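I have placed the structure first, in the form of structure tokens, so that the comments after it can refer back to it.
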């Protein structure tokens, strides 16, 4: 009988600890996401900054960035696709800064960040100068402590 009681208590404690581990501070995750994203856009950004940012994402992350990327389907190679796309633009900016304006949390499954950014540089595909300032909102859906879906919107 003692074995069964010990086994039952062990399972309850283990389940309780697992449940606590999946609850994360969404404000902290949002700040970390913003900081690492900004680091990937800076003029001196390297693959190190890119990988630090990508470590926050699930392997099958879905991503949309309207109007350019409209399909946010989660695919097995989602993180690899983001790595490829972000590597293409790595170091394209000669100037970049961003200011986090708002963080909105939705229970433990989503967080939205709103920020203003300014970028200047050269487009890597056509070598044309680029310069823009915009207000963005990103909705980040969370799964098991990682970002599973990213939806980017322009104000």
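Numbering (the UniProt record's numbering), first residue to last: 1 to 155.
Glycine is no exception: its CB is placed at the ideal position from the N, C-alpha and C atoms.
Treat the numbers as computed from the prediction; the structure is a model and nothing was measured.
Proximity winner among the options, relative to residue i (alpha-carbon distances)
| i | options | result |
| --- | --- | --- |
| residue 44 | 89, 30 and 76 | 89 |
| residue 110 | 75, 42, 142 and 155 | 142 |
| residue 105 | 65, 67, 87 and 140 | 140 |
| residue 101 | 117, 108 and 107 | 117 |
| residue 115 | 121, 103 and 125 | 103 |
Pairwise C-alpha distance: residue j and residue i
| i | j | result |
| --- | --- | --- |
| residue 77 | residue 150 | 15 Å |
| residue 17 | residue 147 | Confidence in residue 17 is poor, its pLDDT being 45 and thus under 50, which makes the residue's placement too unreliable to answer from. |
| residue 99 | residue 136 | 10 Å |
| residue 79 | residue 55 | 9 Å |
| residue 27 | residue 47 | 25 Å |
| residue 24 | residue 128 | 42 Å |
| residue 71 | residue 153 | 13 Å |
| residue 69 | residue 53 | 19 Å |
| residue 145 | residue 33 | 12 Å |
| residue 93 | residue 112 | 25 Å |
| residue 9 | residue 119 | With a pLDDT of only 42 at residue 9, under 50, the local geometry of the prediction cannot be trusted, and no value is derived from it. |
| residue 130 | residue 123 | 6 Å |
| residue 63 | residue 37 | 14 Å |
| residue 19 | residue 85 | No answer about residue 19 holds up, because its pLDDT of 45 lies below 50 and its placement is not dependable. |
| residue 155 | residue 65 | 12 Å |
| residue 35 | residue 108 | 20 Å |
| residue 75 | residue 31 | 26 Å |
| residue 60 | residue 73 | 9 Å |
| residue 39 | residue 121 | 15 Å |
| residue 87 | residue 58 | 18 Å |
8 Å contact criterion, which residue i and residue j should meet: CB distance rounded
| i | j | result |
| --- | --- | --- |
| residue 83 | residue 50 | 7 Å |
Identity of the residues DSSP links to residue i by a beta bridge
| i | result |
| --- | --- |
| residue 134 | 117 |
| residue 152 | 65 and 138 |
| residue 98 | 117 |
| residue 38 | Per DSSP, none; premise fails for residue 38. |
| residue 93 | 121 |
Beta-carbon proximity check, residue i vs residue j, cutoff 8 Å
| i | j | result |
| --- | --- | --- |
| residue 133 | residue 96 | no |
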